[in-house]
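Below is one structure; the comments refer to it alone.
There are 2 protein chains.
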Amino acid sequence: MTQRTPSPMDLALAEAEAAAARGEVPVGAVLVDGASGAILARAGNRTEALDDPTAHAEMLAIRAAARQAGAPRLAGCDLYVTLEPCPMCAQAISFARIRRLYYGAEDPKGGGVHHGPRIFDQPSCHHRPEVYDGIGAGPAAQLLQDFFRERR
Amino acid sequence: MTQRTPSPMDLALAEAEAAAARGEVPVGAVLVDGASGAILARAGNRTEALDDPTAHAEMLAIRAAARQAGAPRLAGCDLYVTLEPCPMCAQAISFARIRRLYYGAEDPKGGGVHHGPRIFDQPSCHHRPEVYDGIGAGPAAQLLQDFFRERR
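Protein chains in written order, with my numbering: chain A, -13 to 138; chain B, -13 to 138.
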C-alpha cells in the first residue's frame, strides 16, 4: 500500500483540525518555499490560547517564517490557508510579499480577498499575490460548519 | 516651573521618535484603560528589528495589552496612534473590540480607516470603535516626513 505525501493544503487542514480540538476556530495555514517546496511554517488559529486577537493561523505562520528567514519579507514563498483570509491577514500577506496565496473555503462574511474590502484590489495595495481559491474547500468548510454547530 | 503630565498621544509620539532612532518607520501607539486612564501598553514600530511584517506599533500594543489582560479582547480600552492605522491594524483594532481610536496624521496612501478599504465602514466589520483624528497630527507627520526625506 502506498501513501501519498501530504500536500501543503492537507497539512493546513490538519492544523485546522488541531485548532478545533483546542476549541479554536478551525483555520490552518502552511507556508512553503515556492522554489524547493520545503515547508517553512505551519500553524492553526490560536487567538484564545495566546490571548491574542491577531493570532490567526496566517499571521502565526508568516511571523514564524519571517523570524526564521531573518527578514520581514518572504518573497518567493507561498501560503496555503484553509479559509479565505480576513482583511488583517490579507494585508499582512501583502506586507510579507507572499508570492502565491492558495485558500480553501470562501468566507463571504469575514473574508478580505474576494469579499468585503478586497484588500489586494485596493489601489493602495503595493504587493498583490497570485490567488488560487477552492483548494480543499469542502473539508475546510465542513470543519468550520461542525465547529460552529457545536457552539450554538 | 510646572510640567504637565504627558498625554497618551505625547507618549505615542515619543514611541514614534524612538522608532525613528532605531531606523524603523516612526509610528507609535499607546493603549489606555478608558475608565482609569492607566497606560496598559506602549510600542513603536518594530518590523525590521523583529523581522516581522506584522509588528506595527498598534499590533504590538494590542498584543501586549491582551496578553496582560489574559483575554483576546480589550473592551473599554482606547488606542492612541500617531498615524492613521493601515488595513491590517484597523482590522485588529476591530477584533480587539477597542472602544476609541485616536490617531494623529492622515495616511492617504496606506491608511485603512478614512482611506483605502475604510475597514470600519465595511458591512462585515462587527465592531467599529469611535474614531477621533488629527490629535498631534503636526508632529506625527513631521516625524514621518523627516524620516523618509533622510532615506531618499
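Note that CB positions come from ideal geometry on N, CA and C, so glycine has one too.
In whole angstroms, what is the alpha-carbon distance linking residue 46 of chain B and residue 67 of chain B? Using only the alpha carbons, I get a separation of about 12 Å.
With a threshold of 16 other CB atoms inside 10 Å of the CB of residue 1 of chain A, please say whether the residue is buried or exposed. Looking at its Cβ environment, which holds 16 or more other Cβ atoms inside 10 Å, residue 1 of chain A is buried.
Is it right to say residue 140 of chain A is buried, meaning 16 or more other beta carbons lie within 10 angstroms of its own, or is it exposed? With chain A covering only -13 through 138, there is no way to say anything about residue 140 of chain A.
Cut-off 8 Å between Cβ atoms - residues of its own chain near residue 79 of chain A, not counting five sequence neighbours on either side: For residue 79 of chain A, where only same-chain residues beyond five positions count, the Cβ hits under 8 Å are 44, 48, 65, 71, 87 and 115.
Quick one: give me the first and last residue of the beta strand (DSSP E) that residue 116 of chain A is part of. Element bounds for residue 116 of chain A: 116 to 119.
For the alpha helix (DSSP H) that residue -3 of chain B lies in, which residues bound it at each end? That run of the alpha helix (DSSP H) goes -6 to 7.
Between which two residues does the alpha helix (DSSP H) holding residue 75 of chain A run? Residue range 73 to 81 is occupied by the alpha helix (DSSP H) that includes residue 75 of chain A.
Within-8 Å CB hit, residue 121 of chain A to chain B: No - not a single Cβ of chain B is within 8 Å of the one on residue 121 of chain A.
If you pair each beta-carbon of the segment 123 to 137 of chain B with each one of the segment 5 to 17 of chain B, do three or more pairs fall below 8 Å? In short, these stretches touch, since the Cβ pair count reaches three.
When you compare each of A:53, A:89, A:84 and A:110 to residue 95 of chain B by their alpha carbons, which one comes out closest? Measuring from the Cα of residue 95 of chain B, the nearest candidate turns out to be A:110.
Near residue 24 of chain B, which residues of its chain fall below 6 Å by C-beta distance, leaving aside the five closest residues on each side in sequence? Same-chain partners within the cutoff: there are none.
Residues in the same chain with beta-carbon distance under 8 Å from residue 6 of chain A, minus the five sequence neighbours each way, listed in chain order, please. Correct list, in chain order: 12, 129, 132 and 133.
Considering residue 14 of chain B, what are the terminal residues of the beta strand (DSSP E) in which it resides? Where residue 14 of chain B is concerned, the enclosing beta strand (DSSP E) starts and stops at 14 to 19.
List the whole-angstrom C-beta distance separating residue 103 of chain B from residue 105 of chain A, where the pair is believed to meet the contact cut-off of C-beta under 8 Å. In this structure residue 103 of chain B touches residue 105 of chain A by the C-beta definition: roughly 6 Å separates them, less than 8 Å.
What residue from B:55, B:37 and B:73 has the CA that sits closest to residue 36 of chain A's CA? Of the candidates B:55, B:37 and B:73, B:55 places its Cα closest to the Cα of residue 36 of chain A.
Beta carbon of residue 113 of chain B, beta carbon of residue 75 of chain B: below 8 Å? No. Outside cutoff.
Using a C-beta to C-beta distance shorter than 8 Å, which residues of chain A count as neighbours of residue 37 of chain B? Simply 52, 53, 55, 56, 57 and 58.
Measuring alpha carbon to alpha carbon, tell me which residue in A:136, A:51, A:120 and A:34 is nearest residue 93 of chain A. Closest by alpha carbon: A:120.
Going by beta carbon distance, what residues of the same chain come within less than 8 Å of residue 98 of chain B, once the five residues before and after it are set aside? Scanning its chain for C-beta atoms nearer than 8 Å, with the 5 sequence neighbours on each side dropped, one finds around residue 98 of chain B the residues 70, 71, 72, 73, 74, 75, 76, 77, 104 and 105, in chain order.
For residue 104 of chain A, which three-state DSSP category applies? Residue state, collapsed to three classes: coil.
What did DSSP end up calling residue 48 of chain B once you bin it into helix, strand or coil? Reduced to three states, the DSSP call for residue 48 of chain B is helix.
I want to see whether chain B comes within less than 8 Å of residue 82 of chain A, judged by CB atoms only; does it? Yes, residue 82 of chain A lies at the interface with chain B (some Cβ there is under 8 Å from its Cβ).
From A:53, A:59, A:107 and A:101, pick the residue whose C-alpha is nearest to that of residue 85 of chain A; which is it? Considering only alpha carbons, the answer is A:59.
State the DSSP-derived secondary structure class of residue 61 of chain B, mapped to helix, strand or coil. It is coil, neither helix nor strand.
For residue 92 of chain A, would you say it is in contact with chain B, using Cβ-to-Cβ distances shorter than 8 Å as the test? Chain B contact via Cβ: absent.
CB-CB length for residue 53 of chain B against residue 38 of chain A, believed under 8 Å: That pair is a contact at about 7 Å.
Go to residue 129 of chain B, then tell me how far its beta strand (DSSP E) extends in each direction, as first and last residue. For residue 129 of chain B, no beta strand (DSSP E) segment is defined; the enclosing uninterrupted segment is the alpha helix (DSSP H) at 123 to 137.
For the ligand GTP, I want to know if residue 75 of chain B counts as a neighbour, meaning its beta carbon is within less than 7 Å of at least one of the ligand's heavy atoms. Questions concerning the ligand GTP fall outside what the structure shown contains, since it holds no ligand whatsoever.
With the cut-off set at 8 Å, would you say residue 4 of chain B and residue 17 of chain B are in Cβ contact? In this structure, the beta-carbon distance from residue 4 of chain B to residue 17 of chain B does not fall below 8 Å.
Collapsed DSSP secondary structure at residue 53 of chain A in the structure displayed: Correct three-state label for residue 53 of chain A: helix.
Hey, quick one: how far does the beta strand (DSSP E) through residue 28 of chain A stretch, first residue to last? That run of the beta strand (DSSP E) goes 25 to 30.
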